[in-house]
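Inspection log for the structure reproduced underneath, given as structure tokens.
There are 2 protein chains.
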Amino acid sequence: MSALKQSPLAPAGGFPDLPVVDGVRFATGAVGVKYTGRDDVMLAELCAGTAIAGVFTRSSTRSAAVLDCQAKIGGDARDGAAILVNSGNANAFTGERGQMSVQALGRAVAAVCGVPQQRVFTASTGVIGEPLPHDRILAHLDALQRDLSPAALEPAARAIMTTDTFAKGAWARCRLGGADVVISGFAKGSGMIAPDMATMLSYVFTDAKIAQPVLQAMLDRAVVSTFNSITVDSDTSTSDTLIVCATGKAGNGEIRSEDDSDAQTFFAALHSVLLDLAQQVVRDGEGASKFIEVQVSGAVSHQDARKVALSIANSPLVKTAAAGEDPNWGRVVMAVGKSGAQADRDRLSIWFGDLLVAENGWVSPDYREADGQAYMKRDELVVRVDLGLGEAGATVWTCDLTHGYIEINADYRS
Amino acid sequence: MSALKQSPLAPAGGFPDLPVVDGVRFATGAVGVKYTGRDDVMLAELCAGTAIAGVFTRSSTRSAAVLDCQAKIGGDARDGAAILVNSGNANAFTGERGQMSVQALGRAVAAVCGVPQQRVFTASTGVIGEPLPHDRILAHLDALQRDLSPAALEPAARAIMTTDTFAKGAWARCRLGGADVVISGFAKGSGMIAPDMATMLSYVFTDAKIAQPVLQAMLDRAVVSTFNSITVDSDTSTSDTLIVCATGKAGNGEIRSEDDSDAQTFFAALHSVLLDLAQQVVRDGEGASKFIEVQVSGAVSHQDARKVALSIANSPLVKTAAAGEDPNWGRVVMAVGKSGAQADRDRLSIWFGDLLVAENGWVSPDYREADGQAYMKRDELVVRVDLGLGEAGATVWTCDLTHGYIEINADYRS
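Those sequence lines, one after another, are chains A and B. Mapping of the first sequence onto the working numbering: position 295 corresponds to residue 300, and the numbering continues sequentially without gaps. Mapping of the second sequence onto the working numbering: position 268 corresponds to residue 273, and the numbering continues sequentially without gaps.
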């Protein structure tokens with residue numbers, strides 16, 4: 006894995022210095038599930054009272070671990086909890102044996118950490134369809150438990166990587182009712198989702214005190230404009246998992262409703278962390294050489310705006326044009342047309358950055374191709390479309406489609 | 006254009022010897038719309054009494070020519086008719102000027118061929134967003150009319166090509182009520198649709214006598230399992246056009262209902278021509294090195310079966326795996342899961358050709374990776390999925406996603 010060259014879109018400055026979150030401890034180990042010479046298992050231990058919320062892939066062929074986590078979310082927060090993640094093997098489409106692995110790991114982590122099995126959340130990312138050698142993980146659990154440390158956030162972020170070319174972390178601080186609250190999270194990509202090796206996993210931790218149903222509602226809302234607004238290749242993993250844990254150690258008065266003023270402050274901070282992580286996943290999209298923001302306005306509904314934005318962001322022709330630094334606005338028109346959203350060719354306006362390219366059903370009289378070409382040479386592009394029909398808008402993020410994507414995905418497993 | 010290397014999937018034997026269709030004459034010319042040194046305009050003249058049916062792109066940003074054709078389909082068949090197609094410029098997203106070009110061409114063709122403008126069907130394929138130099142075409146119309154010949158089917162097929170690497174033709178014969186009937190057709194691709202240069206156009210001619218509403222109903226039905234069951238890159242052109250013309254010169258008793266026994270015979274022949282042409286478009290998909298048939302069975306509904314088949318056929322990860330000759334059935338599982346169709350991971354079976362790869366939620370015990378690898382080296386692949394839930398099925402055709410696709414589309418216009 007270390008052979009992969011770091012994406013040119015990696016954030017300058019490298020992995021951020023994530024603040025420690027009171028009530029969470031991490032440990033990592035080199036178990037040898039598949040990789041050698043690197044950590045490939047991460048254990049997180051959460052104190053009693055931690056509220057846990059999650060969102061998961063909607064795939065109808067989701068993995069045993071995802072099904073297990075989904076059944077556990079929303080459980081009693083009085084006990085402690087634990088998260089166990091391995092990289093190198095997805096334990097997906099492995100039949101009954103896969104379910105048995107999840108049960109075996111859950112049981113063992115519960116025993117080692119002294120928490121109910123109902124509070125153990127596992128995830129696996131890597132190759133599909135191969136049996137998970139869970140015995141190798143079981144043999145390391147005691148050592149992992151002994152190594153637990155509040156500071157091991159970066160090693161944890163690295164241990165869950167697969168085809169990622171850089172580790173992804175983000176954090177925020179806010180004040181809730183006089184208490185300082187911190188949020189630290191990490192994620193791995195690196196296709197939007199490649200089922201082989203690039204399931205999206207993200208774990209976010211905060212010391213805020215917040216009731217589980219409120220945390221879940223906030224996460225459901227925040228994910229729409231963050232992780233559910235990114236796409237690398239339109240493919241959806243069988244294992245996507247995003248879990249947010251609130252330990253309640255910050256000393257703020259518990260947030261019990263989304264209407265609390267503290268709730269808005271916390272939501273904004275949580276949203277910023279999720280957006281940062283989601284955008285880093287796109288920046289590390291397989292083969293990505295351009296980071297593309299697609300803004301749609303003037304739609305008759307938010308749903309239509311998202312349809313148009315995702316149609317543009319998923320279009321192989323738009324994405325290859327970006328890779329070729331070609332200001333090919335005709336392909337944007339095509340993607341609007343095929344989206345299924347209400348659109349009128351003659352009311353459409355298209356911008357590349359601040360350059361008005363097309364309007365009134367034709368190229369703008371002021372647009373010069375040389376300006377478009379110069380703009381497309383940037384690493385970060387904004388494609389903006391106004392449908393001219395209504396008030397609704399949406400923004401999504403994607404990357405270009407390059408020879409690198411073909412190389413990674415045509416040659417991966419064989 | 007001639008610089009493009011012929012697809013390795015081109016039919017052996019080259020362009021077929023299309024039978025002449027009584028009642029149709031063709032002419033082509035080198036007008037210089039954009040290309041030089043090749044024919045780029047095709048005129049077809051149809052005798053009085055020709056029934057004309059058509060299906061068109063569903064894009065909401067469709068071109069002026071498509072809108073014009075759609076408004077004319079179903080008109081009075083007593084008069085003659087004409088079809089004019091140019092390559093090199095799509096006259097799409099060219100605002101009012103584009104509509105004026107369509108009107109100018111329609112008026113002039115009507116005058117030259119002595120038919121009502123209401124019976125002139127035009128199409129343009131090529132670059133989007135640039136004004137069509139229709140004066141160059143107008144200046145050649147008299148010469149084209151003088152050159153009209155029943156035998157010029159192959160030159161017509163070649164004149165409408167853009168990024169196609171081979172000309173696409175297909176034909177069939179059948180007997181209707183004692184009369185010999187012929188069907189000859191041609192098409193151009195060559196992405197499923199690239200709005201720049203690869204709009205799908207197809208024109209099919211028959212001497213059968215058939216009432217226009219019946220012809221239209223048959224075409225609507227036949228297109229579902231032919232042209233609407235192919236995909237190269239999931240992108241949809243602004244100009245896709247498929248027109249079928251029935252001159253009525255064969256002397257068969259007019260087909261007046263889809264329930265006629267003659268209707269079934271004719272439908273089968275028409276369907277075979279459309280399927281052949283549609284598959285040739287896929288075989289010439291941009292950069293294609295594998296022709297892939299995706300068969301889905303066991304779905305709860307035909308709609309679900311199509312969803313799954315298209316999800317597999319459009320998945321960049323499935324398509325890059327095919328390009329890499331990787332028997333990566335995990336990606337097929339992923340594509341089933343993301344399709345939105347009803348599916349149960351543990352009832353799914355997957356075959357590559359006759360090789361049973363996965364069943365009961367896991368890899369088949371008899372499957373050997375070496376067999377899968379050997380199978381994937383073929384030029385023509387069959388991916389078969391049984392959902393194990395119901396009786397409905399669907400088949401679609403696609404090609405792989407290769408470096409060639411990126412080269413063609415990342416570098417085209419610039």
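Glycine included, each C-beta is placed from N, C-alpha and C at the ideal position.
Against chain A, a Cβ distance below 8 Å from A310 of chain B picks out nothing, because the smallest value is about 14 Å. Around the beta carbon of P332 of chain A, 16 or more other beta carbons sit within 10 angstroms, so the residue counts as buried. Legend: CB atoms of the region 130 to 145 of chain B lying less than 9 Å from CB atoms of chain A belong to residues V132, I133, G134, E135 and P136. In the structure shown, Q300 of chain A falls within a strand segment according to DSSP collapsed to helix, strand and coil. The count of Cβ pairs closer than 8 Å, one atom from the region 219 to 235 of chain B and one from the region 48 to 62 of chain B, reaches three, so the stretches are in contact.
Sequence-distant partners of G258 of chain B (beyond 5 residues in either direction) whose C-beta falls short of 6 Å from its own C-beta, in its chain, are G182.
As summarised for the region 307 to 365 of chain A, the continuous alpha helix (DSSP H) elements at least 4 residues long and confined to that stretch are 307 to 319, 321 to 328 and 334 to 343, given in chain order. Judged by beta-carbon spacing, L23 of chain A lies beyond the 8 Å limit of A128 of chain A, meaning their Cβ atoms are not closer than that value. Annotation for P136 of chain B: T99 and R102 place their beta carbon closer than 7 Å to its own, counting only its chain and skipping 5 residues before and after. Going by C-alpha positions, F171 of chain B is about 8 Å away from G19 of chain B. Under the Cβ distance rule, W402 of chain A does not count among the residues neighbouring chain B, no pair being separated by less than 8 Å.
With distances taken between CA atoms, D44 of chain A lies nearest to A:T167 out of A:G54, A:T167 and A:V229. Contact between the region 263 to 282 of chain B and the region 354 to 361 of chain B is absent, with fewer than three C-beta pairs closer than 8 Å. Under the three-state reduction of DSSP output, T270 of chain A falls in the helix class. Annotated as proximal: G37 of chain B and R141 of chain B, with beta-carbon spacing under 8 Å. Within chain B, no C-beta atom comes nearer than 9 Å to that of D371 of chain A; the closest sits roughly 15 Å away.
Taking C-alpha positions only, P160 of chain A is separated from L48 of chain A by approximately 11 Å.
According to the DSSP secondary-structure assignment, M47 of chain A is paired through a beta bridge with A:T33 and A:V90. For chain A, none of the residues of the region 157 to 181 of chain B brings a beta carbon within less than 9 Å of one of its beta carbons. Residue-level contact check: R67 of chain B touches chain A, since one or more beta carbons of chain A fall below 8 Å from its beta carbon. For D351 of chain A, the neighbours in chain B by C-beta distance under 9 Å run, in chain order, G100 and E101. Sequence-distant Cβ neighbours of D349 of chain A in its own chain, meaning closer than 6 Å and more than five residues away, do not exist here. Annotation for R311 of chain B: A399 place their beta carbon closer than 7 Å to its own, counting only its chain and skipping 5 residues before and after.
Residue state for S68 of chain A is assigned as coil, using DSSP reduced to three classes.
Residue nearest to E385 of chain B within the set B:C250, B:T403, B:N94 and B:L110 is B:T403 (criterion: CA-CA distance). Contact between the region 172 to 181 of chain A and the region 145 to 154 of chain A is absent, with fewer than three C-beta pairs closer than 8 Å. In the same chain as D225 of chain B, and ignoring 5 residues on each side of it, no C-beta atom comes closer than 6 Å to its own. Under the Cβ distance rule, A318 of chain B does not count among the residues neighbouring chain A, no pair being separated by less than 8 Å. In chain B, no part has a C-beta under 9 Å from the C-beta of N233 of chain A; the shortest such distance is about 13 Å. Look at W356 of chain A: its C-beta is not under 8 Å from any C-beta on chain B.
A distance of 8 Å or more separates the beta carbons of S189 of chain B and G131 of chain B. For N365 of chain A, the C-beta contacts it makes with chain B under 9 Å involve G100 and E101, in order along the chain. Cβ neighbours of K77 of chain B within its own chain (closer than 6 Å, five residues either side excluded): Q123. Proximity of the region 318 to 332 of chain A to the region 291 to 306 of chain A meets the contact definition, three or more beta-carbon pairs being nearer than 8 Å. Nearest C-alpha to Q378 of chain A among A:A415, A:I413 and A:W334: A:W334. Secondary structure note for G409 of chain A: its alpha helix (DSSP H) is the uninterrupted segment H408 to A415.
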